[in-house]
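Shown next, in structure tokens, is the structure this report addresses.
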Amino acid sequence: MLKMTHLSKVYRTEVVETYALRDFNINVNEGEFVAVTGPSGSGKTTFLTIAGLLETFTGGQYHLDGVEVSNLNDNERSRIRNEKIGFIFQAFNLIPDLNVFDNVEVPLRYRGMKAAERKERIMNSLERVGLASRAKHYPAELSGGQQQRVAIARALAGSPRLLLADEPTGNLDTQMARGVMELLEEIHREGATIVMVTHDPELAARAQRNVHIIDGQVVDLAEDPRFHHAVHAARANSPA
Amino acid sequence: MMHIKPILAALKRHKAGTILIALQIALTLAIVCNAIFIIHQRLERVQRPTGMVETDLMAIHSAFVGMGDNQGGPLIKADLQALRQLPGVQDAVSLNSYPLRGGGWSTGVRTDVDAKDSKAHTTQYFGDDHVLSTMAVRLVAGRNFRSDEVVEADPRSVPDPSMVIVSKALADKLYPDGSALGKPIYIGDTKKPTTIIGIVERLGVPWNAMWSDDFYENSLILPVQLTSPYTSYLIRAKPGQLAEVMKAAPAALVKVNRLRVIPSERGVRTFAQIRDDAYKGDRGMAILMSVVCLVLLGVTAAGIVGLTSFWVGQRRKQIGVRRALGATKRDILSYFLTENLLIGVAGVAIGALLAIGMNLWLVTQFEMARLSLVYVLVGVVALLLLGQGAVLAPALRASRVSPVEATRSV
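Following this line, the structure appears as structure tokens:
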């Protein structure tokens, strides 16, 4: 589903070159739930923005759903983002001027979908996250957890091949975070491929697989003993 | 256009900015439509013909000193003789007034001797048989005066002439069936008929004020040489010799008789200068209105640029999110253009009503003409295009916002 080989991302200024990702390799299979972890500044978010085609990369190869994306133009990248990728952001990123229904509708409109199909998909995905009754509410009228559920509904409405989640519970309290995480697990059980960036060992423990990044490179989790132990401890305490 | 509903929904959440810009567009349209209508009217007035061939034409105002109203006759004759003999002069005539002079004689005219009210209002030009050739007006029916038909008269007691040449506009007004030639008219209060012996294609009145617009082309030419010491000489130079005649003619008059005053200002003018002076006010009004229009359009365009730039800055993150969710650059550009178009359409709809309302008020208060809807339609299209032009730069800037903006925390 997602395969990066020897990928690098360099930010250049007049005086300095900074490697955000260096010789980066990852392979996520269809139906997997992968947690990408690492300390702050390790390159997690850069990985996510490249994986989501929000940013280009400097070197290496990236295949998404079998397509090499490095030579795609801006319009093609937009189309792939729209049709194949669902985003869940830490800050929810709902559009404050639009109500819940219209927010979920945004990616579907860019796909040029007919109104009847849009409505059906929106209501289905809102029902799935338990917010069908809040369709006419504005984001400011919802709790953080509800806003993130709307964002998940928006990501799901387009039936993406890949869900990319950037610290999806980072702005939520424990109870709300648990609810969102259970929802993601449920979505995964239904067959979705999920790549979640997090620095929370408890969340990482609930994914099928952990990919740990340090200094822009994938490393063995054991190379970060504190995080390694935290993940193991979380797994041991997990009710599953 | 498929995004209109969510754009309208978003605009409802930004009522203040939206209403202010829509109102600004509405006011601009209302004022610009009426201003352009006024400009067009003024420019039409500035360009309206007098009926004379105005090139190679000049005028001199002369006043003999220490003389009564009935004593100017022989001196005017001598002046005309001297002027007509100048090598560069084609013809010359002494008149009480001429088109665009600013002052002249006016009267009512009847076709029925017993009628109490006049049928038309007109100006009167008193001159000899050289009037038509000097003015170079086109005789479309009848004939010119013969020299023996011209009489001298004291301006205080002008006798009713037996014949007259009229402008076509006046002839048609007096005899709408086109049979004016040879028919009688009654000038002023007189019971004595004056026969129309000639009709000229067009001859304007001496005034250019709004009040004279209703009878602008109603003119009578009477075969009367006034003996007033105050007179105007209209002089036609031979082609290309106007500059020489401008110098030679006043000198020739002074040579005939030094006891006269030729005003240093406006005493000797080419007809181009006379037209220029006559329509100075109209041109000034047209320029003022044009400046007002340009300033208003500029302020409105700046307002649109300012508001859209503000909105683009405010919605940077939102634009990034839209791009992340699949919007192309073109989608973002189209979003802002459509948003502006919706505000513009609301603005011009209100503006069109305001423009018509403003014109109706001007019609009742200042007797202005009715605004043609063409001006409103052209104004609507122009304002919408201006709006789209103004929003283009900020909208293009918005379309260049990277989708990675969606992941920025601030």
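Chains as they are written, first to last, in the numbering used here: chain A, 107 to 346; chain B, 10 to 419. Glycine residues also receive a C-beta, built at the ideal position from the N, C-alpha and C atoms.
Less than 8 Å between the CB of Ala311 of chain B and some heavy atom of the ligand NAD, yes or no?
Summarising the ligand content, the structure contains no ligands, and the ligand NAD is consequently not present.
From the DSSP secondary-structure annotation, give me the bridge partner or partners of His130 of chain B.
B:Gly117
By the DSSP assignment, the beta strand (DSSP E) with Met110 of chain A in it spans what residues?
Residues 108-118.
Tell me which residue opens and which closes the alpha helix (DSSP H) that His338 of chain A is part of.
331-343
Measuring only the C-alpha atoms, how far is Ala35 of chain B from Ala358 of chain B?
7 Å
What are the residues that DSSP puts in a beta bridge with Arg269 of chain B?
B:Phe73
When you compare only the Cα positions, how much space is there between Met294 of chain B and Gln94 of chain B?
42 Å
When burial is assigned at 16 or more other CB atoms within 10 Å of the CB, is Met10 of chain B buried or exposed?
Confidence at Met10 of chain B is low in this model, with a pLDDT of 47, below 50, so its placement is unreliable and no value can be given for it.
Can you give me the C-alpha to C-alpha distance between Asn177 of chain A and Glu414 of chain B, rounded to a whole angstrom?
Distance between the alpha carbons of Asn177 of chain A and Glu414 of chain B: 22 Å.
Is Ala237 of chain A near Arg255 of chain A, with beta carbons less than 9 Å apart?
Looking at the sequence itself, residue 237 of chain A is Leu, so the reference to Ala does not match. Against a cut-off of 9 Å, the Cβ pair of Arg255 of chain A and Leu237 of chain A comes out as a contact.
Pro274 of chain A CB to nearest chain B CB: under 9 Å?
With 9 Å as the cut-off, Pro274 of chain A does not count as an interface residue toward chain B.
What three-state label does DSSP hand Pro193 of chain B in the structure shown?
strand
Using a Cβ-Cβ distance under 9 Å, would His12 of chain B count as near chain A?
yes
Output the boundary residues of the alpha helix (DSSP H) element that contains Ala221 of chain A.
Run containing Ala221 of chain A: 221-234, per the alpha helix (DSSP H) assignment.
Please report how far the alpha carbon of Asp222 of chain B lies from the alpha carbon of Pro83 of chain B, in whole angstroms.
Using only the alpha carbons, I get a separation of about 37 Å.
Using a Cβ cut-off of 8 Å, pull out every chain A residue sitting near Leu334 of chain B, in sequence order please.
Arg187, Asn188, Phe193, Val212, Pro213, Tyr216, Arg260
Strictly by DSSP, which residues pair up with Asp169 of chain A?
The residue you asked about is not Asp; residue 169 of chain A is His in the sequence shown. DSSP, once it has assigned bridges, lists A:Lys109, A:Glu174 as partnering His169 of chain A.
Would the beta-carbon of Thr203 of chain B fall within 9 Å of that of Gly81 of chain B?
no
Consult DSSP for Ile201 of chain A and reduce its assignment to one of helix, strand or coil.
coil
Beta carbon of Arg211 of chain B nearer than 9 Å to that of Pro58 of chain B:
Going by C-beta atoms, Arg211 of chain B is nearer than 9 Å to Pro58 of chain B.
For Arg406 of chain B and chain A, any beta-carbon pair shorter than 9 Å?
Taking Cβ atoms only, chain A never reaches closer than 9 Å to Arg406 of chain B, which makes this a no.
Using the rule of at least 16 other Cβ atoms within 10 Å of the residue's Cβ for burial, across every protein chain shown, is Val140 of chain A buried or exposed?
buried
Relative to the C-alpha of Ala218 of chain B, which residue among B:Leu231, B:Asp291, B:Val159 is closest?
Minimum Cα distance to Ala218 of chain B is reached at B:Asp291.
If the cut-off is 9 Å on Cβ atoms, which residues from the region 154-184 of chain A count as contacting chain B, listed in chain order?
Leu154, Thr155, Gly158, Leu159, Leu160, Glu161, Asp180, Asn181, Arg183, Ser184
Just the Cα atoms here: how many angstroms apart are Ala287 of chain B and Pro215 of chain B?
In a straight line, the C-alpha of Ala287 of chain B is about 10 Å away from that of Pro215 of chain B.
When burial is assigned at 16 or more other CB atoms within 10 Å of the CB, is Phe345 of chain B buried or exposed?
Buried.
The alpha helix (DSSP H) spanning Val300 of chain B covers which residue range?
289-323
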